[in-house]
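K.L.:
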Amino acid sequence: MKLDAEFGRPRPKHSIADRCQRLRSRVLTEFRVSRLDLTASVRYARTMKHRKNPAAVALGRKGGKAIAERGPEYFRQLQAKRKNRKGGRPPKEKADT
0 MKLDAEFGRP
10 RPKHSIADRC
20 QRLRSRVLTE
30 FRVSRLDLTA
40 SVRYARTMKH
50 RKNPAAVALG
60 RKGGKAIAER
70 GPEYFRQLQA
80 KRKNRKGGRP
90 PKEKADT
């Protein structure tokens, strides 16, 4: 278990916002890049949280429409091909020994 260098006790799992707040309180310039990265990630997380229509929902709608256009007959034909042709790897030949 890792120890927190600042407090000397087991490090709790902090959220991004908690870490960002800790770095904001520091005056040291060496934490500037980390602080900027964390601030950007917090802002991005907030915008994603409040987003009305995520991209996955939009893609899911398109996928459902494509399947509906093909219709049930298309899938019956696919199933018939699977039963009759038995695609895939050919069976192993038995060695005569």
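If you use numbering that gives the first Met the number 0, the sequence shown corresponds to residues 0 to 96, in order.
From the three backbone atoms N, C-alpha and C, an ideal C-beta is built for every residue, glycine too.
#1: In or out: L35 buried (at least 16 other Cβ within 10 Å) or exposed?
#2: Measure the alpha-carbon distance for D17 versus V41 and round it to whole angstroms.
#3: If you drop the 5 nearest sequence neighbours on each side, which residues of the same chain put their C-beta closer than 6 Å to that of Q76?
#4: Can you tell me whether D95 is buried or exposed? The criterion is at least 16 other CB atoms within 10 Å of its CB, across all chains shown.
P.N.:
If we stick to the structure as given:
#1: exposed
#2: 10 Å
#3: none
#4: exposed
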